[in-house]
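Here the structure is laid out as structure tokens; the discussion comes afterwards.
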Amino acid sequence: MRKPELAAAIAESAGLSKTKANEVLTALTDEITRAVSGGNAVQLIGFGTFETRRRNERTGKNPQTGEAIKIPASNYVAFKPGKALKEAVN
Numbered sequence: 000m001r002k003p004e005l006a007a008a009i010a011e012s013a014g015l016s017k018t019k020a021n022e023v024l025t026a027l028t029d030e031i032t033r034a035v036s037g038g039n040a041v042q043l044i045g046f047g048t049f050e051t052r053r054r055n056e057r058t059g060k061n062p063q064t065g066e067a068i069k070i071p072a073s074n075y076v077a078f079k080p081g082k083a084l085k086e087a088v089n
């Protein structure tokens with residue numbers, strides 16, 4: 000499901016216009032992005048938690064030459080599904 004389809008489904012279930020539902024969805028994703036990029040976790044009870052995790056520097060391998068290369072440390076976003084979401088999928 001893509002963002003326009005999700006906005007349409009939200010509009011139908013919440014009795015909103017598609018435009019308003021899209022605005023709500025955009026605001027939600029913007030706020031999650033802002034919080035996670037600031038180092039805060041976003042916990043939606045029953046759905047899951049978005050958080051930033053740290054990946055340490057490591058040694059990798061150039062696939063073309065086989066030469067060892069250093070891959071710098073980086074941050075990444077992780078999502079841990081909540082209990083209700085896990086149960087709905089299984």
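Per numbering that gives the first Met the number 0, the very first residue in the sequence shown carries number 0; after that it's consecutive. Glycine included, each C-beta is placed from N, C-alpha and C at the ideal position.
Which stretch, first to last residue, makes up the beta strand (DSSP E) that contains residue i?
{"i": "arginine 52", "result": "47-54"}
{"i": "alanine 67", "result": "67-70"}
Tell whether a beta-carbon distance below 8 angstroms holds between residue i and residue j.
{"i": "leucine 24", "j": "leucine 43", "result": "no"}
{"i": "tyrosine 75", "j": "arginine 52", "result": "yes"}
{"i": "phenylalanine 49", "j": "leucine 84", "result": "no"}
{"i": "alanine 72", "j": "asparagine 55", "result": "yes"}
From the DSSP output, which residues share a beta bridge with residue i?
{"i": "lysine 60", "result": "Ala67"}
{"i": "leucine 43", "result": "Gly47"}
When burial is assigned at 16 or more other CB atoms within 10 Å of the CB, is residue i buried or exposed?
{"i": "alanine 20", "result": "buried"}
The alpha helix (DSSP H) with residue i in it runs from where to where?
{"i": "asparagine 73", "result": "The question names asparagine, yet the displayed sequence has serine at residue 73. Where serine 73 is concerned, there is no enclosing alpha helix (DSSP H), although the beta strand (DSSP E) it sits in stretches over 73-80."}
{"i": "serine 12", "result": "2-13"}
{"i": "serine 36", "result": "17-36"}
Using 7 angstroms as the cut-off, classify the Cβ of residue i as near or not near the heavy atoms of the ligand FMN, replying yes or no.
{"i": "valine 23", "result": "What this structure holds is no ligand at all, so the ligand FMN is not there to describe."}
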